Amino acid sequence: MNGVSATARWTAAARADETRRDDALFTDELAGELAGPEGFARYERYANPGTTEFLAIRTRYLDEVIGRSAALTQVVLVAAGLDTRSVRLGWPSGTVLYELDHADLVDEKEKRLAELGARHACERHAIGTDLTGPWDGPLRAAGWDPSVPTLWIVEGLLFYLPEDDARTLLARLASLSAPGSVLAGDLLSHQSMVSEFTQEGLRRLREDGCPWLWGTDRPEDVLAESGWTVREVKVPGEDGASFGRWPWPPLPRGTEGFPMNFLFTASA
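Under full-length UniProt numbering, the residue at position 196 of the sequence shown is numbered 196, and the numbers go up by one with no gaps.
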């Protein structure tokens, strides 16, 4: 399993840790089994102030976007990782969920879900593909219809891509989207790439073969230039991006020298 796919175990461990809390923002009973010892080791290795909180907030934020987008019965998780929303969320009748990721990760996940007796709450198609290649071909072959509005979820992916590839992916999603489609996900700030507070974590990610490659301090511009109409961009701590979990006031936009993450929702 390559380095970026292995980070899926890290985020699964984070979801398992959140699930154990009395005030959990969500419950993922399969996360611990999917994370395995490697996932929990990475969770400890990459621990940094705010990281655990943000991962929980990001999951809850996107869960709520999905809940608000129930009319969109065609949903695509772009770089699904070890996500188990197909099991743990309630899905409207008729929803079809497509999960895209590296083939080796998809194969491993399908094997483990079968072993764990996972029961999916919607029609689901797991597709192994290269997200920097012609991935929409396998998606269409699985039944995805470009004429139907789609909810795209791009979680924990864009900062692992070079900027050109990230922008190309966002633009490709826009070009494939029927009117009424929605895109939600997260972006990393450029300050997160250069801040003194992130350098040790960035070094460890590089050592493990899964470096963060790109961030932007202008997420609205990136989304608009890629063909999306921005609905909202939030930083942790703001209303709708805190859920009582973020321990600090939200950083003002434009603050230099401090890492920052963005959660966004946009429409086609």
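Here a beta-carbon is modelled for each residue, glycine too, at the ideal position from N, C-alpha and C.
Keep in mind it's a predicted model, so treat the numbers as computed, not measured.
Counting only runs of at least 3 residues, the segment 88 to 169 fully encloses the following beta strand (DSSP E) elements, listed from N- to C-terminal order: 96 to 101, 123 to 128, 151 to 154.
Burial check for GLU44: the Cβ neighbour count within 10 Å stays below 16, so the residue is exposed. Looking from the CA of ALA142, the closest CA among LEU158, GLU123, GLU64 belongs to GLU123. Counting only runs of 4 or more residues that sit fully inside the segment 59 to 88, the alpha helix (DSSP H) segments are 85 to 88, in chain order. Inter-residue distance for GLU196 and ALA47 is about 16 Å (C-alpha atoms, whole angstroms). Taking a cut-off of 8 Å on C-beta distances, the segment 239 to 248 does not touch the segment 214 to 228, as fewer than three cross pairs fall below it. Here the segment 72 to 82 lies against the segment 92 to 100, with 3 or more beta-carbon pairs under 8 Å apart. The secondary-structure analysis by DSSP pairs PHE264 across a beta bridge with GLY185, VAL233. Annotation for HIS125: TYR98, ALA142 place their beta carbon closer than 6 Å to its own, counting only its chain and skipping 5 residues before and after. Going by DSSP, GLY201 is part of the alpha helix (DSSP H) stretching over 199 to 207.
A distance of 7 Å or more separates the beta carbons of VAL154 and GLY128. For PRO252, there is no enclosing alpha helix (DSSP H), as DSSP gives it neither H nor E.
By the 16-neighbour rule on beta-carbons within 10 angstroms, GLU200 is exposed. Going by DSSP, PHE40 is part of the alpha helix (DSSP H) stretching over 31 to 45. Annotation for SER69: LEU151, VAL182 place their beta carbon closer than 7 Å to its own, counting only its chain and skipping 5 residues before and after. Rounded to whole angstroms, TRP10 and GLN191 show a C-alpha spacing of 23 Å. Boundaries cannot be given for ALA178, as no alpha helix (DSSP H) includes it and DSSP labels it neither H nor E. Distance from the CA of ALA171 to the CA of THR7, rounded to the nearest whole angstrom, comes to 25 Å.
In this structure, the beta-carbon distance from ALA12 to LEU55 does not fall below 7 Å.
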